[in-house]
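**Student:** If you're matching positions, the sequence shown starts at 966 in the working numbering and goes up one per residue.
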Amino acid sequence: MKKIFQFLALSLLIAQSSATFAQEDKNLFNHLNVGLTVGTDGLPGIDVAAPIGNYVQVRAGYSFVPKFKFKANINYTRNGGALQGSYKDKIAIKLNKGDFKLLFDAFPFKKSSFHVTAGAYIGSSDFAKINNDGPISGVAPNEWGTAKIQISNNPAHMFSTDENGNIKGRVRVNSFKPYIGVGFGRAVSADKKVTVNFDLGIQLWGKPKLEIWSYDIAGVDNKWVELKKADFDVVTDGAGNIIKKKDKDGYDVCNICGKIFAYPVLSVRVGFNAF
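1) Could you pull out every unbroken beta strand (DSSP E) segment of at least 3 residues lying fully inside the region 986-1034, listed in chain order?
2) With distance defined between alpha-carbon atoms, name the residue in ASP1054, ALA1071, GLY1010, TYR1041 nearest to PRO1016.
3) Could you name the residues of the same chain whose beta carbon sits closer than 6 Å to that of LYS1194, not counting the 5 residues immediately before and after it, in chain order?
4) Check this for me: beta carbons of PHE1069 and VAL1021, under 8 Å apart or not?
5) Tell me the residue span of the beta strand (DSSP E) that contains ARG1135.
6) Taking DSSP as the reference, what is the three-state secondary structure of ALA1112?
7) Which partner residues does PRO1143 have in the DSSP bridge list?
8) Going along the chain, which residues of its own chain have a beta-carbon closer than 7 Å to the beta-carbon of LYS1014, five neighbours each way excluded?
9) Note down the Cα distance separating ILE1039 from PHE1149, rounded to an integer number of angstroms.
10) Here's the rule I'm using: 16 or more other beta-carbon atoms within 10 Å means buried, otherwise exposed. How should PHE1033 be labelled?
11) Rounded to whole angstroms, what's the CA-CA distance from LYS1066 to ILE1145? Just pull it up for me.
12) In its own chain, which residues sit with a C-beta less than 8 Å from the C-beta of PHE1079, not counting the 5 before and 5 after it?
13) Would you call the CB atoms of LEU1231 and GLY1088 closer than 8 Å?
14) Pull up the CB-CB distance for MET1133 and ASN1187, whole angstroms please, since I reckon it's below 8 Å.
15) According to the Cβ coordinates, are ILE1173 and ILE1225 closer than 8 Å?
16) Give me the residue from LYS1142, ASP1098, VAL1233, PHE1035 with the minimum Cα distance to PHE1163.
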C-alpha cells in the first residue's frame, strides 16, 4: 500500500507543477480528478486523472483483484517407495492480480464523452498461485521435501513437496500488458465536481503458462517447468503402465490457458475533482 500512495502522490505533484505553468485556455493539466474504480481489472482501484488539451485525458493509478481461491483436482504418480501408485488430491488456486496502470483517453468529438483508450497495465507476472489443499496423500510425512512425484506422463516433470508437505505451481502471463478499449464519460470535467466513467476493453497479456516447481530425474536441477497439453495425453501408474488415455483435468487446464491471450476489462469509475 505504501508504494501505491507514493505513486499517487508523485502523480499529484507532477500534475500540480504542470498546472502552475500551464495556460488555462489550453486546458493542459489545469484540473486534477481523483477516482475510485470497480471492475474486472480491480476491486477496488484508485487513480488520478488530468486533461491534456481538449481531446485527451490521462489516468494513472493502481488496481487489484482480491485473492479469491478456487479448488481443483490434481492427478499424480508416486514412483517407488511404500506409497507407490496413482493419486488424486485437491489443490487451491489463488488469484494474484495487481497492476499499476497508465491510460490515455482520446475524445474524437469535443462535446461527446465517448472515448477511445490506449495504455498499459504493469504488474506481477504471476496471475495465479497454486498450492495443495493440505498435505498430499502420496507422500508420507517423513518423506516431505525429498520424495519425487510425477505430475504427468512426462518423466522429466518431477516435483517434490516442501518440508510441510506442500507443492507449488503458478499461472504466468506478461508483466507488461498493453490495453485498448472504448468507453463513455470524462474522468475530468471543468463543470462537474463528480464524474462517472464506463470502460470496456482488453489487456493483452500474452499466452498464459501453467508451471510447476520441478525436479529433474537426478534431482539436482530444480526449476519452474511449463506443463503442456501433450503432458496429459495418457495417465500411467507407478510402474509406467497406461491407466487411461487422458488426464482430463490437467489437459483441460492447459488447453484453456493456451487460448486466453487477453484479459477482458469492464469497469466503472467515480471521480472527484481535487482542483
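Built from N, CA and C at the ideal position, the CB exists for glycine as well. Quick caveat, the model's predicted, so the values are computed rather than measured.
**Tutor:** Let me lay it out:
1) Whole beta strand (DSSP E) segments, 3+ residues: 998-1004, 1007-1016, 1021-1029.
2) For the purposes of this step, residue 1016 is taken as residue 51 along the sequence shown, with counting starting at 1. It is ALA1071 whose Cα lies nearest to the Cα of PRO1016.
3) Along the sequence shown, read from residue 1 onward, the residue named residue 1194 stands at position 229. Within the same chain, and ignoring the five residues on either side of LYS1194 in sequence, the residues whose Cβ sits closer than 6 Å to its Cβ are TYR1216, CYS1219, ASN1220.
4) The residue given as residue 1069 occupies position 104 in the sequence shown. The residue given as residue 1021 occupies position 56 in the sequence shown. Pairing PHE1069 with VAL1021 gives a Cβ-Cβ distance under 8 Å.
5) Numbered from its first residue, the sequence shown carries residue 1135 at position 170. In this chain, the beta strand (DSSP E) harbouring ARG1135 covers 1133-1137.
6) As a first step, residue 1112 must be located in the sequence shown, where it is residue number 147. Here ALA1112 sits in coil by DSSP.
7) Locating residue 1143 in the sequence shown gives position 178, counting from the first residue. According to DSSP, which records beta bridges pairwise, PRO1143 is partnered with ALA1085.
8) Here the question's residue 1014 lines up with position 49 in the sequence shown. The residue you asked about is not Lys; residue 1014 is Ala in the sequence shown. The beta carbon of ALA1014 sits closer than 7 Å to the beta carbons of ASN998, GLY1000, GLN1022, VAL1023, ARG1024, ALA1152, VAL1153, GLY1236 from its chain, once the five residues preceding and following it are set aside; these are given in chain order.
9) Within the sequence shown, residue 1039 is the residue found at index 74, counting from 1. Within the sequence shown, residue 1149 is the residue found at index 184, counting from 1. The alpha-carbon of ILE1039 is positioned some 44 Å away from that of PHE1149.
10) Here residue 1033 refers to the residue found at position 68 of the sequence shown. Around the beta carbon of PHE1033, a 10 Å sphere encloses fewer than 16 other beta carbons of the protein chains shown; the residue is thus reported as exposed.
11) Position 101 of the sequence shown, counted from the start, is the residue given in the question as residue 1066. Position 180 of the sequence shown, counted from the start, is the residue given in the question as residue 1145. Approximately 12 Å, taken between the alpha carbons.
12) The residue you call residue 1079 lines up with position 114 of the sequence shown. If you ignore the 5 residues before and after PHE1079, its C-beta comes within less than 8 Å of the C-beta of PHE1072, PRO1073, VAL1147, GLY1148, PHE1149, all in its own chain and listed in chain order.
13) In the sequence shown, the residue the question calls residue 1231 occupies position 266. In the sequence shown, the residue the question calls residue 1088 occupies position 123. For the 8 Å CB-CB criterion, LEU1231 and GLY1088 do not form a contact.
14) Your numbering for residue 1133 matches position 168 in the sequence shown. Your numbering for residue 1187 matches position 222 in the sequence shown. Here residue 1133 turns out to be Lys, not Met, going by the sequence shown. That belief does not hold up - the Cβ atoms of LYS1133 and ASN1187 are roughly 11 Å apart, past 8 Å.
15) Locating residue 1173 in the sequence shown gives position 208, where the first residue counts as 1. Locating residue 1225 in the sequence shown gives position 260, where the first residue counts as 1. One detail in the question is off: residue 1173 reads as Pro in this sequence, not Ile. Contact flag set, yes.
16) Against the sequence shown, residue 1163 aligns to sequence position 198. The option with the nearest alpha carbon to PHE1163 is VAL1233.
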